[in-house]
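Residue numbers 231 to 494, in this note's numbering, belong to the letters of the sequence shown in order.
Every residue gets a Cβ at the ideal spot worked out from N, C-alpha and C, and that includes glycine.
Working notes for the structure below.
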Amino acid sequence: MLWGFYFVGQGVDEPLSSTGFRQADAAGLFLSNVKFTHVFSSDLLRAKQTAAAILGKNRFCKDLEIKYDARLRERKYGVAEGRPLADLKAMAKDAGEQCPSFTPSGGETLDEVRERARDFFEFLCQLAVELEQKGHGKPGAAGRSSGASGEQFVFPWTNHCSEAEPSSEGSGSFTILDANILVVSHGAYMRNWIGYFVSDLNCTLPANLSKSQLSSVSPNTGVSHFIIELEKGSLLNPKITCVCLNQDSHLVDVGAECVASKVF
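Here's what the structure looks like:
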């Protein structure tokens with residue numbers, strides 16, 4: 231998954247590099263004690279391979295079905311795909327615009343990417359509500375809040391975060407639905423999704439998160455964790471808490487060059 235500062239986008243559907251596989255394996259080990267209930271991935275090959283590698287290292291859900299969704303694809307960069315970042319900057323300069331808001335010919339606008347993210351997020355919320363209605367998402371059923379088999383839901387980045395994870399107990403009319411969903415996507419797409427969370431849905435962020443961290447593209451296989459609470463099963467006004475953003479501690483032993491590299 232090591233592409234350097236090149237724009238891969240949707241049109242260049244290449245497999246992971248050897249470094250990318252090492253990064254994916256490291257992410258899998260990092261998340262090996264988390265029991266996911268659902269896994270969704272972009273249908274681009276590098277994301278598919280990353281999702282498979284993560285599940286392959288998991289202690290509890292190696293055989294969980296991965297569902298591929300085109301809404302999770304990277305931003306489409308049009309004529310800039312497969313070309314160096316310097317080329318995109320030159321195109322933006324010629325157009326009198328700045329990256330990353332510039333849209334190359336044939337590419338997606340940021341609003342179009344955010345619309346895809348919004349649509350997929352609403353789909354996830356609907357999935358969670360349906361689970362609750364079927365009785366699979368009630369507190370104490372099989373989730374992290376039940377206290378049973380707790381090791382299956384120990385998130386390894388807790389010690390790296392300034393905010394404690396919210397609890398379903400004492401949360402008033404809010405209930406955390408017990409769906410632990412892994413979503414595997416791409417850097418520029420996720421930056422837009424997080425922007426949607428923050429600007430449109432008033433996501434609560436860790437106190438120590440800087441503006442530059444919020445706007446940066448995640449390192450390859452960087453991990454972000456969000457808690458979504460829906461009031462009385464309603465899809466309106468979800469309460470979103472960011473536990474950690476672009477966590478990369480699992481990449482330390484993979485190599486310093488991996489932490490700095492980006493996939494677009």
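- Annotated as proximal: Cys474 and His455, with beta-carbon spacing under 8 Å.
- For Ser442, the enclosing alpha helix (DSSP H) stretches over residues Lys441 to Ser445.
- Counting the other Cβ atoms within 10 Å of the Cβ of Gln477 gives 16 or more, which makes it buried.
- Between Val447 and Ala277, the CB-CB gap reaches or exceeds 8 Å.
- The count of Cβ pairs closer than 8 Å, one atom from the stretch 422-436 and one from the stretch 286-300, stays below three, leaving the stretches out of contact.
- Residue state for Leu412 is assigned as strand, using DSSP reduced to three classes.
- If you look at Asn263, you'll find it isn't in any alpha helix (DSSP H); DSSP assigns it neither H nor E.
- When DSSP reads this structure, Thr471 sits in a beta bridge with Thr434 and Ile457.
- DSSP lists Tyr298 and Val414 as the beta-bridge partner residues of Ser271.
- Beta-bridge annotation (DSSP): Gln477 is paired with Val453.
- Taking the C-beta atoms as reference points, Gln240 is found no nearer than 8 Å to Arg301.
- Sequence-distant partners of Tyr426 (beyond 5 residues in either direction) whose C-beta falls short of 7 Å from its own C-beta, in its chain, are Arg344, Ala347 and Arg348.
- In the three-state DSSP reduction, Gly250 falls in the helix class (H, G or I).
- The beta carbon of Lys287 sits closer than 7 Å to the beta carbons of Asp255, Gly258, Leu259 and Ser262 from its chain, once the five residues preceding and following it are set aside; these are given in chain order.
- In the structure shown, Gly337 adopts extended strand secondary structure according to DSSP, grouped into three states.
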